[in-house]
Amino acid sequence: MMSTRDAFGEELVELGRKHKEVVVLDADLSKATKTCWFAKEFPYRFFDMGISEQDMLGTAAGLSLCGKIPVVSTFTIFATAKAFDQIRNTVAYPRLNVKIVATHGGITIGADGASHQPIEHIALMRAIPNMTIIVPADGIETKEALKYAIDIKGPVFIVVGRDPTPVIFSDDYRFDFNHGEMLREGKDVTIIATGIMVEKALRAGKKLGERGINACIVNMHTIKPIDWELIVKVACKTGGIVTAEEHSIIGGLGSAVAEVISENSPVPLKRIGLRDRFGQSGSAEELLREFNLTEEDIIKAAEEVIRRKGSSL
Amino acid sequence: METNVKQKEDIIITELKLTANKVRKDIVRMITKAKSGHPGGSLSAADVVTALYFKVMRHNPENPKWEDRDRFILSKGHAAPLLYAVLAESGYFEVKELLTLRKLGSRLQGHPDMKRLPGIEISTGSLGHGLSVGNGMAIAGKLNKRGYRVYILLGDGECQEGQVWEAAMTASHYKLDNVTAILDYNGLQIDGPVKDVMNINPISNKWRAFGWYVIEINGHDFKEIFDSFERVKKLKGKPSIIIAHTTKGKGVSFMENVVDFHGKAPTKEQMVQALKELEENEE
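Taken in order, these protein sequences are the chains called A and B. Residue numbers for the first sequence follow the numbering used here, beginning at 1 and rising by one. Residue numbers for the second sequence follow the numbering used here, beginning at 1001 and rising by one.
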């Protein structure tokens, strides 16, 4: 088990050693986002901006215009919702080299409740031209994604979580930004998942296998630009898709997949995600059950999609 | 000796007045041609921004990305015609291109777009963003041990944006003495007088309370403009703001202090009248 925010914090220090131009900005949450580790090693390249997300994004823009590679971090809800205008107009429109790593990226932050639980962050960022969006599935992928983000030019938005989650990938995993990752081949149905839902999709796939259903599992770590070729391919091959994300079904991975298949290769689709509701307080496990984001929900959805495949013929 | 210095300054001021007048004529022409745009706040800040580009700032139109250049940020992005005019008159691009303002495919977008036009340091338009960006450039300047300064033009109405005050705190907290903001205090915003819409006063005290060095000047007096920029260059340990008291629509009688000309283009007849008045200034 490893939390993706810890992985982010660790890799950030590594990248700070490798790239002298990396600077880090945080909005009074460095202990929670784990940028405090970078701050400890590189005090002169770390800027606590206080509780002012809008100013933080603007300052990062200015730093990037003078050759720095700013990594901006705070909770996902504040990074995306409070600083939306700054991200849109000052960072993305001029395509500045600002990396936003948003932690606490879903309802599983738990007890803090709805005000702190992002449900629309991918929807918001996805609607902005020039934006790249990565939602890593585990700590290993988080480190890879961050390395990649530093290497490419332009704005990148990475979402990481709070709680420790199972490690899926081995240490030699190499992140392929341009391609969604086929974790399991299958012919009956495809489950496309992102973030913490990838591990649940894998477990669901295994159980479906025991019931004689051969599910294809895709880790869609990059939501934008989305790997539409892979989506079309699995839609044609398996004839039905389930998407799974810790996000509203409006505007996130489910929407992105729906957009691709409805224009290219319409097949039955079921989206696992928050169904247009705000979050609430509770433990991560309780919340995943409350909002139907469990392995069992993925299995049920896969079975439903397979039934609909038959009826639509 | 002293008379020489005085004479030299007088010559510079005379030249700058002529340049500012040229800039004002450009502004009127381009907005008239575009049939939309913001003349009032472009004209009010014309003297200060002309002084920056033609006297105060180190910059090179031949090499807009020169690393040691001073930076200018038009935080009140709707005054784009002013910025375009000073850039063109400085030689960043040809003056005739000004007439493409706001047309499809033009490098002169309604609000400044740094990806299209050389000399634009950051795309602006949504108010309140510029000071934060300037702070970031100033921090980078200190980290990179470069001596450039960053100048940010704010509107008075813009000071109603919360982000301005977040950024004001940041500049002061990080002791950004390479930051100078200029507040174009023309007293009017779209819905009416600033004091009636949402009063920003006591504005000097506010900036002072945020840890800034504040200078108030007549924003149309070049002597006061120079002196204030000279003073802020010498300051150490805190950011500075020049509160420039200006007249909205300055230089065109029927636009002066008229709220309506915040965001309205003159008609062709009005343009002729405006250009006539501005030309009379040159004599």
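Ideal Cβ placement from N, Cα and C applies to all residues, glycine included.
Any chain A beta carbon closer than 8 Å to residue i
| i | result |
| --- | --- |
| B:I1122 | yes |
| B:I1241 | no |
| B:E1158 | no |
| B:E1163 | First, the residue type needs correcting, since residue 1163 of chain B is Gln and not Glu in the sequence shown. It does; some Cβ of chain A falls within 8 Å. |
| B:A1181 | no |
| B:S1126 | yes |
CA-to-CA distance, residue j to residue i, given in whole angstroms
| i | j | result |
| --- | --- | --- |
| B:K1264 | A:P155 | 35 Å |
| B:A1085 | B:R1208 | 32 Å |
| A:D157 | B:V1164 | The residue asked about is misnamed: residue 157 of chain A is Phe in this sequence, not Asp. If I take the Cα positions, the gap works out to 25 Å. |
| A:A92 | B:A1171 | 24 Å |
| B:N1063 | A:V22 | 26 Å |
| A:C216 | A:K187 | 6 Å |
| A:L313 | A:T238 | In this prediction, A:L313 scores a pLDDT of 45, lower than 50, which makes its location untrustworthy; no coordinate-derived value is stated. |
| B:L1057 | B:P1081 | Looking at the sequence shown, residue 1057 of chain B is not Leu but Met. Roughly 19 Å between the two C-alpha positions. |
| B:A1045 | B:Y1185 | 9 Å |
| A:A61 | A:R289 | 40 Å |
| A:T294 | A:P129 | 32 Å |
| A:T103 | B:N1257 | 49 Å |
| A:C66 | B:G1119 | 14 Å |
| A:V98 | A:I152 | 10 Å |
| A:V242 | A:P70 | 36 Å |
| A:A79 | A:I107 | 16 Å |
| B:I1225 | B:I1217 | 7 Å |
| B:T1032 | B:A1274 | 11 Å |
| B:L1083 | B:L1074 | 7 Å |
| A:G105 | A:V13 | 21 Å |
| B:E1009 | B:I1215 | 21 Å |
| B:G1211 | B:E1067 | 29 Å |
| A:G273 | B:G1162 | 34 Å |
| A:L124 | B:L1278 | 48 Å |
| A:A81 | A:R126 | 13 Å |
Within chain A, partners of residue i - CB distance below 7 Å
| i | result |
| --- | --- |
| B:V1129 | Per the sequence shown, the amino acid found at residue 1129 of chain B is His instead of Val. Within chain A, the residues near B:H1129 are G58, Q86, N89 and T90. |
| B:T1170 | M49, D55 and T59 |
Simplified DSSP state of residue i, which is helix, strand or coil
| i | result |
| --- | --- |
| B:T1246 | coil |
| A:S283 | coil |
| B:D1221 | coil |
| A:P225 | coil |
| A:M182 | strand |
| A:T74 | strand |
| A:E263 | helix |
| A:M125 | helix |
| A:H247 | strand |
| B:K1115 | coil |
| B:T1267 | coil |
| A:M2 | strand |
| A:C216 | strand |
| A:T103 | strand |
| A:S64 | helix |
| A:T190 | strand |
| A:T35 | coil |
| B:V1258 | coil |
| B:D1070 | coil |
Neighbour list for residue i in chain B, Cβ cutoff strictly below 7 Å
| i | result |
| --- | --- |
| A:Y93 | S1123 |
Chain A residues whose Cβ lies nearer than 8 Å to that of residue i
| i | result |
| --- | --- |
| B:S1036 | Within chain A, no residue comes near B:S1036; the closest Cβ sits about 20 Å away, beyond 8 Å. |
Contact set between residue i and chain B, taken where Cβ atoms lie within less than 9 Å
| i | result |
| --- | --- |
| A:K68 | G1136, I1139, A1140, L1143 and N1144 |
Residue-chain proximity (residue i, chain B), Cβ-Cβ < 8 Å
| i | result |
| --- | --- |
| A:S52 | yes |
| A:G62 | yes |
| A:L313 | Summary for A:L313: the model assigns pLDDT 45, below 50, so the residue's position carries little reliability, and this model does not support an answer. |
Proximal chain B residues relative to residue i, where beta-carbon distance stays under 8 Å
| i | result |
| --- | --- |
| A:L65 | E1121, I1122, V1133, G1136, M1137 and A1140 |
Within chain A, partners of residue i - CB distance below 9 Å
| i | result |
| --- | --- |
| B:S1204 | Neighbours of B:S1204 on chain A: none; closest Cβ ~22 Å, over 9 Å. |
| B:A1167 | S52, Q54, D55, G58 and T59 |
Against chain B: residues of the region 34–49 of chain A by CB proximity under 8 Å: Flagged, chain order: Y44, R45, F47 and M49.
With 8 Å as the limit, tell me which residues of the region 1100–1117 of chain B have their beta carbon closer than that to any beta carbon of chain A; keep them in chain order. The residues in question are D1113, M1114 and K1115.
At a CB distance below 7 Å, what residues from the region 1050–1080 of chain B approach chain A? Give them in sequence order. Correct list: empty, as no residue qualifies.
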